[in-house]
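Step one of this worksheet: look at the structure below.
Numbering (the working numbering), first residue to last: 12 to 345.
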């Protein structure tokens with residue numbers, strides 16, 4: 012069994028330390044996001060404004076800003092590219108909520124449930140177009156390549172997950188490929204573009220790109236755990252959404268492979284019996300079998316690698332904040 016990671020006692024919980032250090036940049040980022048979301052088409056502005064009101068962690072764009080500044084950058088390009096990263100992320104959320112028929116995100120109604128699926132898909136397309144407009148304005152073909160590749164990978168990951176829906180024979184390797192594409196690639200791209208604007212040397216660029224990747228893998232694995240183990244109010248979405256939608260995530264892969272009540276899982280995922288009672292039973296099986304703990308341990312392995320990536324940088328408040336972020340991904344409740 013892997014020993015639990017213990018954060019340094021002086022570290023602040025969650026994103027507090029990173030936000031504290033980057034508050035001026037975060038304010039600039041939010042201003043940029045609001046400005047670039049504007050459109051003469053009123054419905055676009057309404058939905059965009061609603062998305063801004065939902066808040067969110069701004070985790071991915073914060074990674075872009077943090078990686079640039081960790082490498083000594085002092086300009087403004089990273090603010091616009093961070094907004095670009097947030098637009099890509101938000102666009103994928105809009106599309107995901109339609110595909111998943113979700114009604115709750117961050118504790119509030121999803122855009123598709125307030126307006127319509129059609130409006131959400133089209134505004135998602137609008138945000139993608141704004142993201143690429145910002146990339147072109149930045150003028151770096153390297154940045155354009157990295158972020159466009161990440162956008163393509165996200166779509167491929169979502170389609171692969173859709174094609175694997177209800178498939179209890181999904182193996183762990185394929186599942187890790189899914190989350191690498193749909194989550195880790197944008198984390199990695201977010202950190203790497205920060206190093207590009209800073210013109211960082213190759214070892215630092217590779218280290219931060221890998222930091223983003225491993226953090227993203229851990230973050231998604233913990234999402235898998237929280238979907239069965241979180242307090243719904245803290246999670247900001249309905250607990251058990253993955254189960255109700257027929258998504259076979261790693262905890263289920265592990266439990267089914269171990270032969271834990273296979274008849275139940277087959278009834279749930281093959282015959283569609285996924286009501287409240289079934290969810291309660293699924294949660295109990297995943298806890299008692301150790302599948303949730305094993306998934307969290309796998310996330311911890313990725314976090315240990317993420318922390319190792321940061322060793323190439325000298326000690327600084329910003330480095331400590333990124334370490335704090337890594338610990339936060341393992342202990343977050345939503």
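The C-beta atom is built at its ideal place from N, Cα and C for all residues, glycine as well. Please read these numbers as outputs of a predicted model, since none were measured by experiment.
Margin query: Please tell me whether residue 328 and residue 32 are closer than 8 Å, where the distance is taken between their beta carbons.
Written below: In the chain shown, residue 328 corresponds to position 317, counting from 1. In the chain shown, residue 32 corresponds to position 21, counting from 1. Closer than 8 Å, so yes.
Next item on the list: Rank 296, 307 and 301 by C-alpha distance to the C-alpha of residue 274 and give the top, closest one.
Entry: If you number the chain shown from 1, residue 274 lands on position 263. Nearest option by C-alpha distance: 296.
Item checked: Straight-line gap, residue 288 to residue 338 (C-alpha atoms, nearest Å) -> In the chain shown, residue 288 corresponds to position 277, counting from 1. In the chain shown, residue 338 corresponds to position 327, counting from 1. Taking the straight line joining both Cα atoms gives about 34 Å.
Margin query: If distances are taken between C-alpha atoms only, which option among 251, 151, 252 and 223 comes closest to residue 210?
Written below: As a first step, residue 210 is located in the chain shown; it is residue number 199 there, counting from the start. 151 is the residue among 251, 151, 252 and 223 whose C-alpha sits nearest the C-alpha of residue 210.
Margin query: With H, G and I counted as helix, E and B as strand and the rest as coil, what does DSSP make of residue 120?
Written below: One-based indexing of the chain shown puts residue 120 at position 109. In this structure, residue 120 counts as strand in the three-state DSSP scheme.
Next item on the list: Compare the C-beta of residue 343 with all C-beta atoms of chain C and state if any pair is closer than 8 Å.
Entry: Given the protein chain composition of this structure (a single chain), no chain C is represented.
Check: If we ignore side chains and look at the alpha-carbon of each, how far apart do residue 94 and residue 145 end up?
Finding: Against the chain shown, residue 94 aligns to sequence position 83. Against the chain shown, residue 145 aligns to sequence position 134. Between residue 94 and residue 145, the alpha-carbon positions lie close to 8 Å from each other.
Notebook entry, point to check: Relative to the C-alpha of residue 29, which residue among 51, 77 and 89 is closest?
Noted result: Counted from its first residue, the chain shown places residue 29 at position 18. Nearest C-alpha to residue 29 among 51, 77 and 89: 77.
Checklist line | Bounding residues of the alpha helix (DSSP H) (the contiguous stretch that carries residue 292) | finding: Taking the chain shown and counting its residues from 1, one reaches residue 292 at position 281. Start and end: 287 to 299.
Notebook entry, point to check: Short check: CB of residue 306 to CB of residue 232, under 8 Å?
Noted result: Residue 306 sits at position 295 when you count from the first residue of the chain shown. Residue 232 sits at position 221 when you count from the first residue of the chain shown. Yes, these two residues count as a Cβ contact at 8 Å.
Next item on the list: Please go through the segment 85 to 147 and give each complete alpha helix (DSSP H) segment of 4 or more residues, from N-terminal end onward.
Entry: Taking only runs of at least 4 residues, the alpha helix (DSSP H) segments lying wholly in the segment 85 to 147 are 88 to 111 and 122 to 125.
Notebook entry, point to check: Which runs of the alpha helix (DSSP H) spanning at least 4 residues fall entirely within the segment 158 to 205, listed in chain order?
Noted result: DSSP runs (the alpha helix (DSSP H)) wholly in the segment 158 to 205: 183 to 190.
Note to self: Cutting at 7 Å between CB atoms, please list the residues of its own chain near residue 304, excluding the five before and the five after it.
What the structure shows: As a position in the chain shown, residue 304 is number 293, starting the count at 1. Setting aside the 5 residues that flank it on each side, residue 304 has no residue in the same chain whose C-beta is closer than 7 Å to its C-beta.
Check: Nearest to residue 70 by alpha carbon, out of 45, 201 and 134?
Finding: If you number the chain shown from 1, residue 70 lands on position 59. Residue nearest to residue 70 within the set 45, 201 and 134 is 201 (criterion: CA-CA distance).
Note to self: If you follow the alpha helix (DSSP H) that residue 231 is in, where does it begin and where does it stop?
What the structure shows: If you number the chain shown from 1, residue 231 lands on position 220. Residue 231 -> alpha helix (DSSP H) spans 213 to 240.
Next item on the list: Report the residue from 85, 92, 162 and 147 whose alpha carbon sits nearest the alpha carbon of residue 193.
Entry: Taking the chain shown and counting its residues from 1, one reaches residue 193 at position 182. Residue 162 is the option with its Cα nearest to residue 193.
Checklist line | Euclidean distance between Cα positions of residue 196 and residue 330 | finding: Within the chain shown, residue 196 is the residue found at index 185, counting from 1. Within the chain shown, residue 330 is the residue found at index 319, counting from 1. Each residue's Cα considered, the two are about 21 Å apart.
Next item on the list: Would you mind sorting residue 127 into buried or exposed? The rule is 16 or more other CB atoms within 10 Å of its CB.
Entry: Residue 127 sits at position 116 when you count from the first residue of the chain shown. When all chains shown are included, residue 127 counts as exposed.
Next item on the list: Would you kindly check if the distance between the Cβ of residue 113 and the Cβ of residue 252 is under 8 Å?
Entry: Start at 1 with the first residue of the chain shown, and residue 252 comes out as number 241. Start at 1 with the first residue of the chain shown, and residue 113 comes out as number 102. Yes, Cβ-Cβ distance for residue 252 and residue 113 is below 8 Å.
Checklist line | N- and C-terminal bounds of the alpha helix (DSSP H) containing residue 209 | finding: Translated into the one-based positions of the chain shown, residue 209 becomes position 198. Counting along the chain, residue 209 falls outside any alpha helix (DSSP H), and DSSP gives it neither H nor E.
Checklist line | Residues near residue 257 by beta carbon distance below 8 Å, same chain, minus five either side | finding: Mapped onto the chain shown, residue 257 falls at position 246. If the five residues before and after residue 257 are omitted, its C-beta is found closer than 8 Å to the C-beta atoms of 176, 177, 280, 283 and 285, all from its own chain and listed in chain order.
Check: So, do the segment 178 to 185 and the segment 217 to 226 have three or more beta carbon pairs nearer to each other than 8 Å?
Finding: Segments in contact, no.
Item checked: Cβ pair residue 300, residue 332 closer than 8 Å -> Walking along the chain shown from the start, residue 300 turns up at place 289. Walking along the chain shown from the start, residue 332 turns up at place 321. Between residue 300 and residue 332, the gap from beta carbon to beta carbon reaches 8 Å or more.
Item checked: Buried versus exposed, by CB contacts within 10 Å (16 or more), residue 92 -> Here residue 92 corresponds to residue number 81 of the chain shown, with the count starting at 1. Classification for residue 92: buried.
Checklist line | Whether residue 229 touches residue 341 by CB criterion (8 Å) | finding: Residue 229 sits at position 218 when you count from the first residue of the chain shown. Residue 341 sits at position 330 when you count from the first residue of the chain shown. The Cβ atoms of residue 229 and residue 341 lie closer than 8 Å to each other.
Checklist line | Selected residue, minimal CA-CA separation from residue 34, among 322, 73 and 48 | finding: To locate residue 34, count along the chain shown from 1; it is residue 23. Ranking 322, 73 and 48 by Cα distance to residue 34 puts 73 first.
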